[in-house]
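Asks: Using the numbering used here, you'd call the opening residue of the sequence shown number 7 and step up by one each time.
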Amino acid sequence: MVYSVISVYSVVNDNKESNMSEEIYTKLAQSLIDGDPDACVELTKQALAEGVEPLAIIRQGLMPGMNVVGEKFGTGEYFLPDLIIAADGMQQAMALLDPELQARQQSVESLGTMVIGTVKGDIHEIGKSLVATMLSANGFKVHDLGVDVPTEKFVAAVNEYGANLVGLSALLTTTMTMQKQVIAALQEAGVRGQVKVMVGGAPVTRSWAEEIGADGYAEDAMSAVALARKLAGD
Ligand code: B1M
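#1: With a threshold of 8 Å, are at least 3 pairs of Cβ atoms found where one atom belongs to the stretch 98-112 and the other to the stretch 185-205?
#2: Roughly how many whole angstroms lie between the Cα atoms of THR183 and ALA176?
#3: Can you list, in chain order, the residues of its chain with a C-beta nearer than 6 Å to that of LYS78? Leave out the 5 residues immediately preceding and following it.
#4: Tell me whether the beta-carbon of LEU178 lies closer than 8 Å to the beta-carbon of MET204.
#5: Report all residues from its chain with a CB closer than 7 Å to the CB of ALA45; omit the five preceding and five following residues, and keep chain order.
#6: Please tell me whether, using a cut-off of 7 Å, the distance from the CB of GLY41 to the nearest non-hydrogen atom of the ligand B1M is below it.
#7: From THR180, SER27, VAL153, pick the residue whose C-alpha is nearest to that of ALA62; which is it?
#8: Measuring alpha carbon to alpha carbon, tell me which of ILE30, LYS126, GLY239 ends up nearest PRO70.
#9: Please work out which residues of its chain come closer than 6 Å, Cβ to Cβ, to GLY67, disregarding the five sequence neighbours upstream and downstream, and give them in chain order.
#10: Is the Cβ-Cβ distance between VAL153 and ILE129 less than 8 Å?
#11: At 3 residues or longer, and completely inside the stretch 120-151: list those beta strand (DSSP E) runs for me, N to C.
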């Protein structure tokens, strides 16, 4: 079954080039909704070859598609295999986009060292990896601990890498509380004063960040870079 995704983003463009991009964004989103990773990869290659910015491919093509998949899963229309197939398509596309994102921003001076990971119990990887890529492309030294990261591993990594920033991603309401636990563990280990903690992920909010004593909340990868810059400069 084919679903329309035109309504999930609004790009008002009137020149031909923009219309072409808009068409490819729609097709990219649709490839994820249709569970067609091969098409997603081909369309990503095509978009890059046509000079579409990698970040635009993610924000205007892939993410709206993933959001539709998530909504359909939420309403019971899609099942776990649909999520897995869509995530596979997005991850393959991200493997093509990562080096392009890195290549666009070269910074010689490190702005800070971050350890980042998705908290214990949570295996959502894509958003965390995108945030890690954008930070590293913007001059931060990033140690990505992966997903389902035990609390003590964050603490150990802060010590091992001399990090001044910690990034905690959580995509489930049930795992958000692990962000609070990591902050408490950093405090207990006596290193809370030397690091700024930023949190993010779909269910996470600014007020949650304040409630658990994080230093900042970022809604997406671009604002994560801005926030990390601000926190590193504090
Ligand atoms: Co899951 N899942 N999932 N899933 N999944 C969600 C999150 C969900 C909202 C779907 C839904 O019901 N509508 C729902 C959570 C409900 C809730 O708790 N509120 C859900 C569920 C329920 C589950 C399972 C429990 C399903 C089950 O087993 N019954 C299960 C849990 C497994 C676990 O973790 N223990 C599960 C499993 C999976 C897959 C493994 C199949 C797969 C992940 C594969 C992978 O990552 N390798 C998956 C997927 C793909 C999704 C959706 C569809 C898409 C997530 C994604 O990759 N988005 C998701 C629905 C949705 O979010 N629309 C859903 C694209 C990505 C670029 O965006 O991750 O939001 P996102 O990251 C953004 C921002 O959030 C932010 O910046 C990123 C880039 O802009 N951000 C940060 C993220 N981390 C940040 C950190 C920061 C700052 C910003 O600072 C440190």
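Note that the Cβ used here is the ideal one computed from N, Cα and C, for glycine as well.
Replies: Taking the structure as given:
#1: no
#2: The residue given as residue 183 occupies position 177 in the sequence shown. The residue given as residue 176 occupies position 170 in the sequence shown. Roughly 9 Å between the two C-alpha positions.
#3: Residue numbering aside, residue 78 sits at position 72 when the sequence shown is read from its first letter. Result list for LYS78: TYR84, in chain order.
#4: Numbered from its first residue, the sequence shown carries residue 178 at position 172. Numbered from its first residue, the sequence shown carries residue 204 at position 198. In this structure, MET204 does not lie closer than 8 Å to LEU178 by Cβ.
#5: Taking the first residue of the sequence shown as 1, we reach residue 45 at position 39. Contacts found: SER37.
#6: Position 35 of the sequence shown, counting from 1, holds the residue named residue 41. The answer is no for GLY41.
#7: Position 56 of the sequence shown, counted from the first residue, corresponds to residue 62. Among THR180, SER27, VAL153, the Cα nearest to that of ALA62 is on SER27.
#8: Reading the sequence shown from its first residue, position 64 is the one you call residue 70. Among ILE30, LYS126, GLY239, the Cα nearest to that of PRO70 is on ILE30.
#9: As a position in the sequence shown, residue 67 is number 61, starting the count at 1. Correct list, in chain order: TYR31, LEU34, ALA35.
#10: Sequence index remark: in the sequence shown, residue 153 carries index 147 (1-based). Sequence index remark: in the sequence shown, residue 129 carries index 123 (1-based). Yes, the pair counts as a contact, with Cβ atoms nearer than the cut-off.
#11: 146-150
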